[in-house]
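Engineer:
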Amino acid sequence: MALNEPAMRQETAASDNAIELRGISKAFGSVQANKDISIRVRRGTIHGIVGENGAGKSTLMSILFGFYRADSGEIFINGKPTEITDSESAIRAGIGMVFQHFKLVENFTVLENVILGAEAGGLLRPSLARARGLLKDLAREFELNVDPDANIEDLSVGHQQRVEILKALYREADILILDEPTGVLTPSEADHLFRILKGLKEQGKTIILITHKLREIMDVTDDVSVMRRGEMVATRVTAQTSPTELAELMVGRKVLLRVEKTPAEPGAEVLRVENLRHVDGQGVERLRGISFGIRKGEILGIAGVSGNGQSELLEVLSGLREAEGQVVLDNEALPLSGSGCDGQSRRARRIAHVPEDRQRRGLVMNFHAWENIALGYHHDPLYNPSRWRMDNPAIIRDTEGKMSAFDVRPPDPQLKASGFSGGNQQKLVLAREIEYEPDLLLVGQPTRGVDIGAIEFIHQRLIRLRDAGAAILLISVELDEIMALSDRIIVMFDGRIMGERMPDETNAQELGLMMAGMA
Amino acid sequence: MDVATIVQVLESTLRLATPLLFACLAGLISERAGVFDIGLEGKMLMAAFMSAAIAYVSGNVWVGLTAAVFASVVLSLVHGVASITFRGNQLISGVAINFLAAGITVVVAQNWFRQGGRTPSLSGNARMQRIDLPFVDAVRDVPVLGPIYTILSGHALLVYIAFLCVPLTWYVLFRTRFGLRLRAVGENPAAVDTAGVSVVRLRYGAVAICGVLCGLAGAYLATGLSAGFVKDMTAGRGFIALAAMIFAKWRPWHAMGAVLLFGLLEAVANRFQNIEILGVGVPVQAMQALPYILTVVILAGFVGKAIPPRAGGWPYVKEH
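Sequence lines, in order, name chains L and E. All the letters of the first sequence, read from the start, carry residue numbers 806 to 1324 under my numbering. All the letters of the second sequence, read from the start, carry residue numbers 2 to 321 under my numbering.
#1: Which of the three DSSP states is assigned to F1225(L) in this structure?
#2: Please compile the residues from chain E whose C-beta is within a distance smaller than 8 Å of the C-beta of M902(L).
#3: Which residue comes first and which comes last in the alpha helix (DSSP H) that contains N1171(L)?
#4: Count the other CB atoms, across all protein chains shown, that sit within 10 Å of the CB of P168(E); report buried if there are 16 or more and exposed otherwise.
#5: Report the three-state DSSP secondary structure of G28(E) (helix, strand or coil).
#6: Give the list of continuous alpha helix (DSSP H) stretches no shorter than 4 residues that lie fully inside the segment 39-73 of chain E.
#7: Please confirm whether V1132(L) has its beta-carbon closer than 8 Å to some beta-carbon of chain E.
#8: Measure the alpha-carbon distance for L226(E) versus F913(L) and round it to whole angstroms.
#9: Given this structure, state the Cα-to-Cα distance separating G1130(L) from S961(L), to the nearest angstrom.
#10: Can you give me the Cβ contacts of K1018(L) inside the same chain, cut-off strictly under 8 Å, excluding the 5 residues immediately before and after it?
#11: So is S1223(L) in contact with chain E if we call contact Cβ pairs under 8 Å?
#12: Please give the ranges of any alpha helix (DSSP H) in the segment 132-156 of chain E, keeping only runs that are unbroken, at least 4 residues long and fully inside the region.
#13: Please give the ranges of any beta strand (DSSP E) in the segment 856-930 of chain L, keeping only runs that are unbroken, at least 3 residues long and fully inside the region.
#14: Give every residue of the same chain whose Cβ lies closer than 6 Å to the Cβ of I1200(L), excluding the five residues on either side of it in the sequence, and list them in chain order.
#15: My assumption, with CB atoms under 8 Å, is that F248(E) sits in contact with E42(E). Please give the rounded CB distance.
#16: For a contact meaning CB atoms closer than 9 Å, what does V968(L) contact in chain E?
#17: Rounded to whole angstroms, what's the CA-CA distance from V8(E) to Q966(L)? Just pull it up for me.
#18: For N177(E), go through chain L and note every residue whose CB falls closer than 7 Å to its CB, in chain order.
#19: What's the C-alpha gap between R1082(L) and V193(E)?
#20: Any beta-carbon of chain L closer than 8 Å to the one on V325(E)?
#21: Note down the Cα distance separating E12(E) from G60(E), rounded to an integer number of angstroms.
#22: Could you list which residues in chain E have their beta carbon closer than 7 Å to that of L1220(L), in chain order?
#23: State the DSSP-derived secondary structure class of G1130(L), mapped to helix, strand or coil.
#24: Please report the straight-line C-alpha distance between R119(E) and N112(E), rounded to a whole angstrom.
#25: Can you confirm whether K250(E), when its beta carbon is compared against all beta carbons of chain L, has any partner nearer than 8 Å?
#26: Taking C-alpha atoms, which residue in D1217(L), A1073(L), C1146(L), Q1115(L) lies nearest to F1172(L)?
#27: Considering only residues of the same chain and omitting the five flanking positions on each side of L808(L), which have a CB-CB separation below 8 Å?
#28: Am I right that V198(E) and R176(E) are in contact with their C-beta atoms under 8 Å? What's the rounded C-beta distance?
#29: So which of A1044(L), D996(L), A1128(L) has the shortest CA-CA distance to G1088(L)?
#30: Run down chain E in chain order and give the residues with a C-beta less than 8 Å from the C-beta of E911(L).
#31: Does T14(E) come out as helix, strand or coil in the three-state DSSP assignment?
#32: Indicate whether K1003(L) and V1029(L) have their beta-carbon atoms separated by less than 8 Å.
#33: In the segment 857-880 of chain L, which residues sit with their C-beta less than 7 Å from some C-beta in chain E, listed in chain order?
#34: Have a look at the DSSP bridge pairing and note the partners of E1036(L).
#35: In the DSSP assignment, find the alpha helix (DSSP H) that holds E1315(L) and state where it starts and stops.
#36: Could you name the residues of chain L that R182(E) contacts, counting a contact when the two beta carbons are closer than 9 Å?
See below:
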């Protein structure tokens, strides 16, 4: 008996873990995406995995879901060694995955998406009926309400995500992996999701939550593991750690989570917007009479759930869309249509623009860094002294300077834009726009998909530009970012301004309600 | 225009629509699975040649038909290997198949039969026999019903099979597990893959079905509609079938409507080769060009917004 005891203890210990990975390694060419990773996930818990972009979180989960085969290492599911060769075997092992980019058939109904691949026989009718019943039960039990007959493309992102969870539950998954689930959700949708996850946990399901938002980790997880550069650097019980410690573990050095800034010293009004209206190509009125002003040396933050007119506002002001109303810059009207309403003319008026989508609007991904640095400024006498033949060596030299000023890594002007990480791509765009010392900087989603370390840097740069006397219009769906950076906050909903608040006189709840059109 | 003429034209419409219908459904199934196929023409041509050649040699049209289907499926699999396994460009693979078929049929026909790139003309059991529906003679003189029944009667077996394929295709696509997965793989293969179903196997299945249907189209063309193979006898029907498929927005019943329209135009063009409008004779060529002109007009203006399957034309590459 005594002899058997340690073995037995080990047995129970092993089967307490829903998942155990031992020594998982995976390389893509010369890049080691996962290095000797071992992790245990206790059954019936929510286990967070954090790490910067490229830390190897997604690769690890893709191995677990059978998208990639590990080069070496073992996977144990419920204590049993398990070979996961493809998604089918992962599903059979009870693993369900909710990808960051949903894997749904857009023009199928919810029911069709749920049964796809898990049909109960050759004909659809019985499968659909069975799924309909099951969905009803799940909706009651876990607040997973979705109209089973709605087409996916007609659903909000939050509802689409519920369909993904339903898909996994329909396949009787015991282990649910969610990859960056809140990136696309409104604050209230995210709260709803976390209620669902907690409900699932109470039913004994195991949940792995991959995220870069430390607040979510602290709020919902039981344990948290940190990955850095392909390695698992630490696993902590969430209650015994702090956001500061996690951030340090992620980045490998001390990070400032709070933005340090002095109070603004706003000067004269730079930009005045009066009754701005815009109707888009589909005939939808996106801006319904917007009025506001920005002064020198202040950051005006515009909060709102994406799709409420902020993008259109940014594009109208940067000359990419035409609109009606009045915009005055430095006591001189800004043309809102016809000639003078284009990016080049706006730049001539010292307005710089950091677009929301850096890959589609901010950069040409196939161009070298130095070619991207010249974009929009190719008439600059430094780059183009003869107005005819570009002085490429001058551009490259200038790019080197800008890259080092903005700590773009690697500092290689000849690298294509697509070769940089998201954060470094964003720094390239910011370097291009900020180094021209604009009077007004329009910036959209400055840190979307950017690592913590780079976020810190970008925020400091924006503050520094403000302190140098520029006016900054900041649009972001990250409420934390708006609250940390802005000197004044405007909330937009459905093309209108819901109200204006000072950051130290409001809180996330109030702004969240305003973003939802209430209050 | 008398009733007899109308009956004649409509009868011929059904016959002319048959190869188009097979090819159209073939393209529809392939494209619904996300594999664009502009090689319908080539597969039909190859099948037409094989059916005529083998039917002539064996004296049995059904042996010819089997050979036609086999040849067409082989070409389909070539397309499959190029565009599914090796993730090549589907348009280029399709064009290659068209060129290959156009050349190889004539060269082999010349080598085998030495009649200038055609097969000897077929007769007897080497051609498809017409099937008279029961009681056709009895009801011939009944008003309204009689002529309609007459139009439907007296076609080769493949004509009936082609039109039966329409509800069958609809049922398979929209009422079975295979159909659901097939449509899903054409819209979002990643969804199918993460649901634990093989994208590659599904797409090969669709491409093989496409090959079988093209084989039937070609066989009917050479052994039913005509009596032997001649050079380039498909005459762009593969492309007209693609146009019909787009016109039908990838839906089987609408596809039937579309090919009947094209068939009618071709029948009219064949029947009324010398007509005068306002005293001016319309050249034969102008009449024969009608189906092709219609193709352009329909595709340019009348389709409205035709949204192809969203993953159509793109090889599936796993990414997370």
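Just so you know, even glycine gets a beta-carbon here, dropped at the ideal spot from N, CA and C.
Structural biologist: According to the structure shown:
#1: In this structure, DSSP gives F1225(L) a state outside helix and strand, which the three-state scheme calls coil.
#2: Those within 8 Å of M902(L) in chain E are T195.
#3: Unbroken run through N1171(L): none, as it is neither H nor E.
#4: So P168(E) ends up on the exposed side.
#5: The three-state secondary structure of G28(E), taken from DSSP, is helix.
#6: Along the length of the segment 39-73 of chain E, whole alpha helix (DSSP H) runs at least 4 residues long occupy 41-59, reported in chain order.
#7: Not one chain E Cβ lies under 8 Å of V1132(L).
#8: Their backbone Cα atoms lie some 40 Å apart in a straight line.
#9: Each residue's alpha carbon lies about 31 Å from the other.
#10: Here the set comprises T987.
#11: Judged by the 8 Å Cβ criterion, S1223(L) is not in contact with chain E.
#12: Fully enclosed alpha helix (DSSP H) runs of 4 or longer: 137-140, 146-153.
#13: Segments of the beta strand (DSSP E) lying fully in the segment 856-930 of chain L: 877-882, 900-903.
#14: If you ignore the 5 residues before and after I1200(L), its C-beta comes within less than 6 Å of the C-beta of W1175, A1179, Y1188, all in its own chain and listed in chain order.
#15: Contact between F248(E) and E42(E) is ruled out by a C-beta separation of about 17 Å, above the 8 Å threshold.
#16: Correct list: empty, because the minimum Cβ distance to chain E is about 11 Å.
#17: Between V8(E) and Q966(L), the C-alpha separation is close to 57 Å.
#18: Residue identity differs from the one stated: residue 177(E) is Thr in this sequence, not Asn. Simply G927, L928, L929.
#19: When rounded, the distance between both Cα atoms is 43 Å.
#20: Summary: the structure shown does not reach residue 325(E), with chain E confined to residues 2 through 321, and so no result is reported for it.
#21: A straight line joining the alpha-carbon of E12(E) with that of G60(E) spans about 27 Å.
#22: At a beta-carbon threshold of 7 Å, none of the residues of chain E lie near L1220(L); the nearest stands roughly 22 Å away.
#23: Strand.
#24: Rounded to whole angstroms, R119(E) to N112(E) spans 10 Å at the Cα level.
#25: Output row for K250(E): interface = no.
#26: Looking at the Cα atoms, D1217(L) is the closest of the given residues.
#27: Confidence at L808(L) is low in this model, with a pLDDT of 43, below 50, so the placement of that residue should be treated as unreliable; the coordinate-derived value is given next. Once the five neighbours on either side are set aside, L808(L) has no close Cβ partner at all.
#28: The Cβ separation is near 18 Å, so there is no contact.
#29: Comparing Cα-Cα distances from G1088(L) to each of A1044(L), D996(L), A1128(L), the minimum goes to A1128(L).
#30: Listed along chain E are E188, N189, R311, each with a C-beta nearer than 8 Å to that of E911(L).
#31: Helix.
#32: The Cβ-Cβ distance between K1003(L) and V1029(L) does not fall below 8 Å.
#33: Residues are counted here when their Cβ sits less than 7 Å from a Cβ of chain E; for the segment 857-880 of chain L these are S863, S867, F872, given in chain order.
#34: Bridge partners of E1036(L): R1033(L).
#35: Residue range 1313-1320 is occupied by the alpha helix (DSSP H) that includes E1315(L).
#36: Result: L921, G922, E924.
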